[in-house]
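I have placed the structure first, in the form of structure tokens, so that the comments after it can refer back to it.
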Amino acid sequence: MSGTLSTLIWLIVVVAFGAVVPIVPTGAAVSGAAAYAAHQNPVYVLLVIVVGAGGAYVGDLVMYAICRWGGEQLARRLRWLRDQERLEKMRKKLNERQISVLLVSRLLPGGRVPVLLAAALMGLDWRRFAVTNLPACLLWSTVYAGIGIFGYAIFPEPWQSVVAAVLLVLLISQTAGIISRRREAAAERRALSPRQKEA
Numbered sequence: 007m008s009g010t011l012s013t014l015i016w017l018i019v020v021v022a023f024g025a026v027v028p029i030v031p032t033g034a035a036v037s038g039a040a041a042y043a044a045h046q047n048p049v050y051v052l053l054v055i056v057v058g059a060g061g062a063y064v065g066d067l068v069m070y071a072i073c074r075w076g077g078e079q080l081a082r083r084l085r086w087l088r089d090q091e092r093l094e095k096m097r098k099k100l101n102e103r104q105i106s107v108l109l110v111s112r113l114l115p116g117g118r119v120p121v122l123l124a125a126a127l128m129g130l131d132w133r134r135f136a137v138t139n140l141p142a143c144l145l146w147s148t149v150y151a152g153i154g155i156f157g158y159a160i161f162p163e164p165w166q167s168v169v170a171a172v173l174l175v176l177l178i179s180q181t182a183g184i185i186s187r188r189r190e191a192a193a194e195r196r197a198l199s200p201r202q203k204e205a
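Be aware that the sequence shown starts at 7, since it is given in the numbering used here, and climbs by one per residue.
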């Protein structure tokens, strides 16, 4: 139990820190912890899900506060949010389906900060954000814990399961990032082509 407790403490710190400093692979941390916990006692996986969601939630609240405080300056640095049309689309999506937009933004590499910034710029109420982000964080943690359980089901040794889960998450993240960048580049080309024709 002491090993699991130290894993949970480590997990909440890493996930909360990674939610504020997005270079930390928080999904891989949850998957690795879930794979390790499944080898100790499958019930511990539920603790990993709750702790992972809690770390993500606390980190998101801090990040949202940063976005509310310095939103305009941050938005100017992100090319994604300089496009007024894209920002309006994001605002519309957030108004219609907040939980699903927040969840998808957590699952896509580099997707969370622009969505949090858009929510901050549109003036999404603190309480509303806190309520809608809670299930999004819980679903996110469940998805990544599921990847960890997949690693546990395939490999007999805890270290093998952890390594497999982390590698699988990194592979999925990289693939999703490549697809997202290609779509973004294609959308930019389509947006430029009418202007070139007019010129």
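Where is the CB? At the ideal position from N, CA and C, for every residue including glycine.
Pick from the options that is closest to residue i, judged by C-alpha positions
{"i": "Val51", "options": "Leu174, Ser147 and Ile160", "result": "Ser147"}
{"i": "Arg112", "options": "Gly76, Ala34, Ile15 and Thr13", "result": "Ala34"}
{"i": "Ala124", "options": "Gly116, Thr138, Phe135 and Arg97", "result": "Arg97"}
{"i": "Gly60", "options": "Ile184, Pro31 and Val19", "result": "Val19"}
{"i": "Gly58", "options": "Leu108, Gly157, Ala40 and Thr138", "result": "Ala40"}
{"i": "Ala22", "options": "Ala44, Ala43, Val68 and Glu163", "result": "Val68"}
{"i": "Ile184", "options": "Gly116, Ala126 and Lys99", "result": "Gly116"}
{"i": "Arg103", "options": "Leu114, Arg134, Arg74 and Gly76", "result": "Arg134"}
{"i": "Asp66", "options": "Leu122, Pro31 and Ser37", "result": "Leu122"}
{"i": "Ile105", "options": "Leu53, Pro31 and Cys143", "result": "Cys143"}
{"i": "Gln46", "options": "Leu174, Glu163, Leu173 and Arg188", "result": "Glu163"}
{"i": "Ala126", "options": "Leu145, Ala71 and Lys99", "result": "Ala71"}
{"i": "Gly38", "options": "Thr13, Pro141 and Thr138", "result": "Thr13"}
{"i": "Val27", "options": "Phe161, Cys73 and Ala43", "result": "Cys73"}
Reduced DSSP category for residue i - H, G, I as helix; E, B as strand; rest coil
{"i": "Glu94", "result": "helix"}
{"i": "Lys203", "result": "Any answer about Lys203 is weak, because its pLDDT of 49 lies below 50 and its placement is not dependable; what the coordinates show is given next. Three-state DSSP puts Lys203 in a helix."}
{"i": "Gly117", "result": "coil"}
{"i": "Val36", "result": "helix"}
{"i": "Asp131", "result": "coil"}
{"i": "Val56", "result": "helix"}
{"i": "Val149", "result": "helix"}
{"i": "Ile160", "result": "helix"}
{"i": "Arg103", "result": "coil"}
{"i": "Pro141", "result": "helix"}
{"i": "Val26", "result": "helix"}
{"i": "Val68", "result": "helix"}
{"i": "Val21", "result": "helix"}
Local Cβ density within 10 Å of residue i, reported as buried at 16 or more and exposed below that
{"i": "Asp131", "result": "exposed"}
{"i": "Gly129", "result": "exposed"}
{"i": "Lys203", "result": "Since pLDDT at Lys203 reaches only 49, below the 50 mark, its modelled position is unreliable, and no value is offered."}
{"i": "Ala159", "result": "exposed"}
{"i": "Pro48", "result": "exposed"}
{"i": "Leu11", "result": "exposed"}
{"i": "Ile155", "result": "buried"}
{"i": "Arg118", "result": "buried"}
{"i": "Thr181", "result": "exposed"}
{"i": "Ala170", "result": "buried"}
{"i": "Leu177", "result": "exposed"}
{"i": "Ala44", "result": "buried"}
{"i": "Ala136", "result": "exposed"}
Residue i at chain C interface by Cβ criterion, 8 Å
{"i": "Val169", "result": "The chain labelled as chain C is not found in the depicted structure, where only one protein chain is given."}
Beta carbon of residue i nearer than 8 Å to that of residue j
{"i": "Ile55", "j": "Ala151", "result": "yes"}
{"i": "Leu100", "j": "Val107", "result": "yes"}
{"i": "Leu140", "j": "Tyr63", "result": "yes"}
{"i": "Leu145", "j": "Leu109", "result": "yes"}
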